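Trainee: Using my numbering, you'd call the opening residue of the first sequence number 1 and step up by one each time.
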Amino acid sequence: MSDTTIRTTETEQTGNRETTESTTERESTSEQVCPECGGNLVTDSEHGETVCRECGLVVEENEIDRGPEWRAFNSSEKDEKSRVGSPTTNMMHDKGLSTNIGWQDKDAYGRSLSSSQRQKMQRLRTWNERFRTRNSKERNLKQALGEIDRMASALGLPETVRETASVIYRRALDEDLLPGRSIEGVATASLYAAARQSGNPRSIDEMIAVSRVDDMEMTRTYRYIIRELNLEIKPADPESYVPRFVSDLDLSDEVERGARELLEDGRQAGLLSGKSPVGLAAAAVYAAALLANEKVTQSQVSDVASISEVTIRNRYKELLEAKQVSA
DNA sequence: CCCCTTAGGTGTTTAGC
DNA sequence: GCTAACAACCTAAGGGG
């Protein structure tokens, strides 16, 4: 139970993270009082000071004045003196701040350029575009790596897995697999693949619990990058889920050993293939706890393993039968 | 509450067109 | 490339200690 609460708070935090940037700039000096006389304070942005309205005490000075450094007395003066461009926007990867070289071969007065000038401009356009996209990739990568880091730590995945995930993501980016897919989706898929490759698998359910994408997108993207990057990923070994389930349920080492044996017997009996590894691991843990007389209910196991009780029931009976045969 | 069974729906894989 | 059969899993409903 505590496990799920932790997860939800984490997702909430990340949800908030998006909005902080836009709200930090808001002014908030309205309700402050003067430390000397208790009068109201006013912010004078022109002089960069916060002053008490009653006694004139300057509380704060040398603030940054974000207004224009010139004064305009009517709107035409304002137009004349202003020399800034359009406001920045988050809709462009670089907030619209990078340079764009116009496509018309005209100079600032509208005259056509000479042919040598035209060629020069063409070269400049090419290089400018290269730098811009390189930067956009870098930014993309930076955000994705942040996401990977966040999800990995929410899932308790070790450093090495994050490392692998970033390598996978980088390759996906280099091979231009990103267009048409979300950064978040590819990041999630990369991490999922990395976790499985390293023998620290997390189930799809666990992944999407900390990610902002749904399972459809996640599995689709995962399949896609696996195929395109020719990643070899073996089906997850049920045993790799065992230690985590055991510790999440506060069970003993004995249970863990028992679960591993049950899975081994099951492997001998050939009933592991085709079944969901998570379900098998959950069933083995439940069965082992039963044998060791340690108290867990099927619903508890189904909770930590995100698997249905029905599946646990079906699996654990099979596992116990396999044990009978081999014993 | 805990466990079990059954039925019906869904999604994936595979054989055959 | 499409369809049908198929296995595994899920949810939901209902029943026994």
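Beta carbons are placed, not taken as given, at the ideal position from N, Cα and C, and that holds for glycine.
This structure is a prediction, so every number in the text was calculated from the model and none was measured.
1. Note the first and the last residue of the continuous alpha helix (DSSP H) segment covering Pro277.
2. Please tell me whether Ala305 and Gly274 are closer than 9 Å, where the distance is taken between their beta carbons.
3. Residue ranges of each alpha helix (DSSP H) run of no fewer than 4 residues wholly in the stretch 154-237, ordered along the chain?
4. Going by DSSP, what residue range makes up the alpha helix (DSSP H) through Gly258?
5. What are the partner residues of Cys52, as DSSP defines its beta bridges?
6. Use the C-beta contact count for Ser302: other C-beta atoms within 10 angstroms, 16 or more gives buried, fewer gives exposed.
7. I'd like the list of long-range same chain contacts for Leu145, defined as Cβ closer than 6 Å, with 5 residues on each side in sequence excluded.
8. Indicate the three-state DSSP secondary structure (helix, strand or coil) for Lys142 in the structure shown.
9. Where do the ends of the alpha helix (DSSP H) carrying Asn314 lie?
10. Using C-beta distances below 7 Å, list every residue in its chain close to Glu294, excluding the 5 sequence neighbours before and after it, in chain order.
11. Could you check which residue in Ile183, Val310, Gly156, Glu129 has the C-alpha nearest to that of Arg202?
12. What do you reckon, are the CB atoms on Glu318 and Gly266 nearer than 9 Å?
13. Restricting to Cα atoms, I'd like to know which of Gly102, Ala209, Glu147 is closest to Arg125.
14. Just verifying my parser: in three-state terms, what is the DSSP assignment at Val58?
15. Given this structure, state the Cα-to-Cα distance separating Met234 from Asn100, to the nearest angstrom.
16. Is it a yes or a no for the stretch 227-246 touching the stretch 207-214, going by three-plus beta-carbon pairs under 8 Å?
17. Would you call the stretch 177-196 in contact with the stretch 215-223, where contact means no fewer than 3 C-beta pairs closer than 8 Å?
18. Give me the DSSP bridge partner(s) of Lys106.
19. Going by C-alpha to C-alpha distance, which of Met207, Arg196, Asp248 sits closest to Ala154?
20. If you run the structure through DSSP and keep just helix, strand and coil, what is Val242?
21. Terminal residues of the continuous alpha helix (DSSP H) containing Val304?
22. Work out the CA separation of Asp176 and Arg132 for me, nearest whole Å.
23. Work out the CA separation of Ala283 and Leu173 for me, nearest whole Å.
Mentor: In short:
1. Translated into positions along the first sequence, residue 277 becomes position 277. Run containing Pro277: 277-291, per the alpha helix (DSSP H) assignment.
2. Along the first sequence, read from residue 1 onward, the residue named residue 305 stands at position 305. Along the first sequence, read from residue 1 onward, the residue named residue 274 stands at position 274. Result no, Cβ atoms of Ala305 and Gly274 do not sit closer than 9 Å.
3. 159-174, 183-197, 204-210, 215-229
4. The count along the first sequence starts at 1 and reaches residue 258 at position 258. Element bounds for Gly258: 253-269.
5. Translated into the one-based positions of the first sequence, residue 52 becomes position 52. The partner list for Cys52 (beta bridge, DSSP) reads Leu41.
6. As a working note, residue 302 is residue 302 in the first sequence. So Ser302 counts as buried.
7. If you number the first sequence from 1, residue 145 lands on position 145. Once the five neighbours on either side are set aside, the close Cβ partners of Leu145 are Ser166.
8. Along the first sequence, read from residue 1 onward, the residue named residue 142 stands at position 142. Note: Lys142 maps to helix in three-state DSSP.
9. Start at 1 with the first residue of the first sequence, and residue 314 comes out as number 314. Looking at the DSSP string, the run of the alpha helix (DSSP H) that includes Asn314 is 309-326.
10. In the first sequence, residue 294 corresponds to position 294, counting from 1. Only Leu251, Ser252, Val255 meet the Cβ criterion.
11. Within the first sequence, the letter at position 202 stands for residue 202. The candidate whose alpha carbon is nearest that of Arg202 is Gly156.
12. Mapped onto the first sequence, residue 318 falls at position 318. Mapped onto the first sequence, residue 266 falls at position 266. Yes; because the gap between Cβ atoms is below 9 Å, this pair is in contact.
13. The count along the first sequence starts at 1 and reaches residue 125 at position 125. Minimum Cα distance to Arg125 is reached at Gly102.
14. For this step, residue 58 is matched to residue 58 along the first sequence. Strand at Val58.
15. Here the question's residue 234 lines up with position 234 in the first sequence. Here the question's residue 100 lines up with position 100 in the first sequence. Sequence inspection shows Lys at residue 234; the Met mentioned does not correspond to that position. When rounded, the distance between both Cα atoms is 47 Å.
16. No, because fewer than three Cβ pairs between the stretch 227-246 and the stretch 207-214 fall closer than 8 Å, the two stretches do not touch.
17. Taking 8 Å as the limit for Cβ pairs, the verdict is that the stretch 215-223 does touch the stretch 177-196.
18. Numbered from 1 along the first sequence, position 106 holds the residue referred to as residue 106. Paired residue(s): Ser112.
19. Position 154 of the first sequence, counted from the first residue, corresponds to residue 154. The shortest C-alpha to C-alpha distance from Ala154 to any of Met207, Arg196, Asp248 is the one to Met207.
20. By 1-based counting over the first sequence, the position of residue 242 is 242. Correct three-state label for Val242: helix.
21. Taking the first residue of the first sequence as 1, we reach residue 304 at position 304. Taken as a continuous stretch (DSSP letters only), the alpha helix (DSSP H) holding Val304 covers 298-305.
22. To locate residue 132, count along the first sequence from 1; it is residue 132. To locate residue 176, count along the first sequence from 1; it is residue 176. Taking the straight line joining both Cα atoms gives about 16 Å.
23. By one-based count along the first sequence, residue 173 stands at place 173. By one-based count along the first sequence, residue 283 stands at place 283. Going from the Cα of Leu173 to the Cα of Ala283 covers about 39 Å.
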